[in-house]
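**Q**
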Amino acid sequence: MDFAIQAALNTNVLHVGDVAELTLTAAHPAGARFELPRLDREHEIVVREQRLETRPLAEGRQLSRARYRITSLALGEHTVSTGEVVFVLGDGTRHVENFPELAFRVDSVLTNENAELHGIKGPADWPAAFPPWIVPLLAVAVLALALGLVTARVMTRPRTILHYPPSEPPYEIALRALRRLLEKGWIEQGQVEPFYVELTGIARRYIEGRFGLRAPERTTEEFIREASGSGLLKADHQALVRDFLEQSDLVKFARFTPGADEMKSAYVSAEKLVLETCPVEAAGEGAV
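Numbering follows this note's numbering, with no gaps: position 203 of the sequence shown is 190.
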């Protein structure tokens, strides 16, 4: 029997009380039941929410995805792992796989915990009748007034104004790239790897341009996975990013070459992500 396990955190650095999203994805025979691992560990790992989603795959397999919202009340480095992931087979026997080990760090919100306290200041001097700083202040005010008059004179002179065309919105760039990808005919030719590499690249560039997210040190898959839990995205936008990611996961976890239907489904998911998150009424573009 084929079993595949993958775990991912949307961040590896937290402050005390911050919430991170952990995703545990398993591909397994459809007759096996995936047991949801318990991740709680006193103050080190506190599970705020957990849920399990399943979907069928081809050739009698199933994809199970456990989502956890976790936090920590303890500073330092912490490892997330139960050591094993358990599946209960149809005949009642248990099949055990290793739990992929994850780690994160909890930092304090205090910038300098060892800073010394300053002593109490002495009594302040009573201000003089004519503060000594008034003269330089008046000099600065006169200088600012003169500078303002000169600037106003320069600004009122006739001048040539250059008009630059507005930059192209990210959604137009993404939709055009999606159309070009479709025109290459990779779906009909069964060119799975180049199709998914280009499709996820289009999704990443769109998310960067649309929501202003930048993470050059992350791979495209890591970037999209972290974007699905970013606070910069609305809840419905996060759901669209996760839906696209799930379509891409089908290629990774289903141990078979996806057919045209799966590739079209991933394409439609990417197109839906663009059309439903663009800031203008631009959803008139067609799907596959």
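Cβ coordinates follow ideal geometry from the N, Cα and C atoms, glycine included. Keep in mind that this is a model prediction, so the values were computed, not measured.
By DSSP's criteria, LEU39 is part of a beta bridge. Which residues make up the other side?
**A** In the DSSP output, where bridge partners are listed per residue, LEU39 has ALA53.
**Q** Going by CA-CA distance only, name the one from ARG167, ALA126, ILE189, MET250 that's closest to GLN176.
**A** Of the listed residues, the one whose Cα sits closest to GLN176 is MET250.
**Q** Under three-state DSSP, which class holds HIS82?
**A** Residue state, collapsed to three classes: strand.
**Q** Counting contacts by CB-CB distance shorter than 9 Å, is ARG56 in contact with chain D?
**A** Any reference to chain D falls outside this structure, which holds one protein chain only.
**Q** Give me whichever residues DSSP pairs with ARG28 in a beta bridge.
**A** DSSP output for ARG28 lists ILE32 as bridge partner(s).
**Q** GLY4: buried (16+ other C-beta within 10 angstroms of its C-beta) or exposed?
**A** With fewer than 16 other Cβ atoms within 10 Å, it is exposed.
**Q** In its own chain, which residues sit with a C-beta less than 7 Å from the C-beta of HIS337, not counting the 5 before and 5 after it?
**A** What is shown of the chain runs -12 to 275, which leaves residue 337 out entirely.
**Q** Which residues mark the beginning and the end of the beta strand (DSSP E) in which THR12 is found?
**A** Note, THR12: beta strand (DSSP E), 7 to 16.
**Q** Could you tell me whether the Cβ atoms of VAL73 and PRO24 are closer together than 9 Å?
**A** Yes. Within cutoff.
**Q** State the DSSP-derived secondary structure class of ARG197, mapped to helix, strand or coil.
**A** Looking at ARG197 - three-state DSSP - the assignment turns out to be helix.
**Q** For ARG212, which residues in the same chain have their Cβ closer than 8 Å to its Cβ, ignoring the five residues on either side in sequence?
**A** Answer for ARG212: ALA(-5), ASN(-3), THR10, LEU232, listed in chain order.
**Q** From ARG81 to LEU44, what does the alpha carbon distance come to, in whole angstroms?
**A** C-alpha separation (whole angstroms): 21 Å.
**Q** With 16 as the cutoff for other CB atoms within 10 Å, does PRO123 come out buried or exposed?
**A** Result: exposed.
**Q** So VAL67 is in the alpha helix (DSSP H); what residue range does that whole segment cover?
**A** It is not in any alpha helix (DSSP H) - VAL67 instead sits in the beta strand (DSSP E) that spans 63 to 67.
**Q** Could you check which residue in ILE(-8), LYS221, GLU209, GLN49 has the C-alpha nearest to that of CYS197?
**A** In the sequence as displayed, the identity of residue 197 is Arg instead of Cys. Measuring from the Cα of ARG197, the nearest candidate turns out to be LYS221.
**Q** Can you give the Cα-Cα distance for GLU204 and LEU262, rounded to whole angstroms?
**A** Distance between the alpha carbons of GLU204 and LEU262: 27 Å.
**Q** Assuming the contact rule is C-beta atoms closer than 8 Å, ALA19 and VAL75 should be a hit. Round their C-beta distance to whole Å, please.
**A** Yes, ALA19 and VAL75 are in contact; Cβ-Cβ is about 7 Å, under 8 Å.
**Q** How many angstroms separate the CA atom of GLN37 from the CA atom of ARG201?
**A** Each residue's alpha carbon lies about 28 Å from the other.
**Q** Comparing alpha-carbon positions, which option in GLU180, ILE32, GLU159 lies nearest THR69?
**A** For the residues GLU180, ILE32, GLU159, the minimum Cα distance to THR69 belongs to ILE32.
**Q** Of the choices PHE91, LEU39, SER235, whose alpha-carbon is the least far from that of HIS2?
**A** Taking only the C-alpha atoms, the option nearest HIS2 is PHE91.
**Q** By the 10 Å Cβ neighbour count, where 16 or more other Cβ atoms means buried, how is ILE121 classified, buried or exposed?
**A** Answer is exposed; the Cβ neighbour count stays below 16.
**Q** For ILE(-8) and GLU84, I'd like the C-alpha separation in whole angstroms.
**A** Going from the Cα of ILE(-8) to the Cα of GLU84 covers about 8 Å.
**Q** DSSP three-state label for GLN(-7), please.
**A** It is a strand residue.
**Q** Provide the residue span of the alpha helix (DSSP H) that contains ALA257, from first to last.
**A** 247 to 264 is the span of the alpha helix (DSSP H), which, as asked, contains ALA257.
**Q** Rounded to whole angstroms, what is the Cα-Cα separation between GLN234 and SER256?
**A** Between GLN234 and SER256, the C-alpha separation is close to 7 Å.
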